[in-house]
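Residues in the sequence shown are numbered from 1 upward in steps of one, following full-length UniProt numbering.
From the three backbone atoms N, C-alpha and C, an ideal C-beta is built for every residue, glycine too.
None of these values were measured; they are calculated from a predicted model.
Worksheet for the structure shown next.
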Amino acid sequence: MCCGGDCMALVYVVDDELNVRRIVKKTMENEDNEVHTFVTAEEALEEIEKRKPDLLFTDLSLPSMNGIQFLKELKNRAYSIPVIVVSSDTSPESMRSAFKAGIVDFLTKPFTPQEIRDAFELALREEDSIYKRAREIRRLIEEGETGSAESLMSELFSDFPGSPFPHFLYALLVAKEKPKIAIKHLKASLSLDEDFKEASDELKKLEE
């Protein structure tokens with residue numbers, strides 16, 4: 001994703017209300033982004049398989065697969081896409097489930113174009129901070145640059161103490177040489193996010 005308006009972002013909007021799709025699409029296109037809209041989560045998932053967006057807006061009340069199921073499916077497929085929920089369902093349980101699934105922001109319907117722009121800016125910062133840094137650390141681990149990976153990871157632990165990512169990444173770093181420590185960190189990662197499929201899969205491999 002691009003920061004500070006330097007380049008265009010690919011944005012997907014998933015909502016069964018035509019008016020909502022139009023408002024978000026127009027607001028994001030006015031910020032020079034490419035926007036595609038979908039009525040169902042299934043349609044969006046089909047498109048995501050072909051082309052992953054930089055940002056996703058979704059309602060929770062969707063036909064067929066609902067928003068929470070959609071968020072879980074994105075996680076199960078290991079798509080690290082910043083998500084903003086736009087919904088009239090503001091029950092504590094729904095909001096808790098959405099944030100637990102890793103969303104960036106939760107906007108309540110009705111909303112203003114400015115709220116959409118503010119949420120977009122927040123998503124840019126989030127992507128630049130945790131997701132981008134996590135991807136860089138994984139690249140360093142895969143390329144065997146363990147010293148650099150460890151240095152960046154220590155900053156990630158410090159900046160995002162409540163995130164499951166630092167524990168998961170540290171487990172990947174030490175899995176071969178220190179499997180017991182890796183298991184400990186994978187369990188810590190899952191305690192912060194019990195639906196973190198990659199952490200769960202890695203834990204199963206190490207415990208076999």
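Neighbour-count burial assignment, residue i, 16 or more Cβ in a 10 Å radius
i	result
residue 194	exposed
residue 75	buried
residue 63	exposed
residue 46	exposed
residue 22	exposed
residue 3	Per-residue confidence for residue 3 stands at a pLDDT of 43, beneath the threshold of 50, marking its modelled position as unreliable; no derived number is given.
residue 206	exposed
residue 108	exposed
residue 67	buried
residue 27	buried
residue 149	buried
residue 143	exposed
residue 177	exposed
residue 78	exposed
Distance between beta carbons of residue j and residue i, contact taken as under 8 Å
i	j	result
residue 98	residue 71	7 Å
residue 182	residue 199	Contact flag wrong, Cβ pair sits at about 11 Å.
residue 10	residue 34	5 Å
residue 220	residue 163	The structure shown does not extend to residue 220, since the chain is modelled only from 1 through 208, so no value can be given for it.
residue 173	residue 141	5 Å
residue 165	residue 156	7 Å
residue 24	residue 116	6 Å
Coarse secondary structure for residue i, derived from DSSP in three states
i	result
residue 10	strand
residue 104	coil
residue 15	coil
residue 112	coil
residue 2	For residue 2, the predicted model reports a pLDDT of 47, less than 50, meaning its position is unreliable and no value from the coordinates is stated.
residue 146	helix
residue 48	helix
residue 151	helix
Spatially closest choice to residue i from the options, by CA coordinates
i	options	result
residue 59	87, 164, 47	87
residue 84	201, 106, 90	106
residue 81	55, 96, 91	55
residue 65	49, 39, 175, 95	39
residue 124	17, 16, 53, 42	53
residue 73	168, 122, 41, 96	41
residue 91	61, 119, 77, 51	61
Q: Report yes or no: do the region 132 to 144 and the region 99 to 106 share at least 3 C-beta pairs separated by less than 8 Å?
A: no
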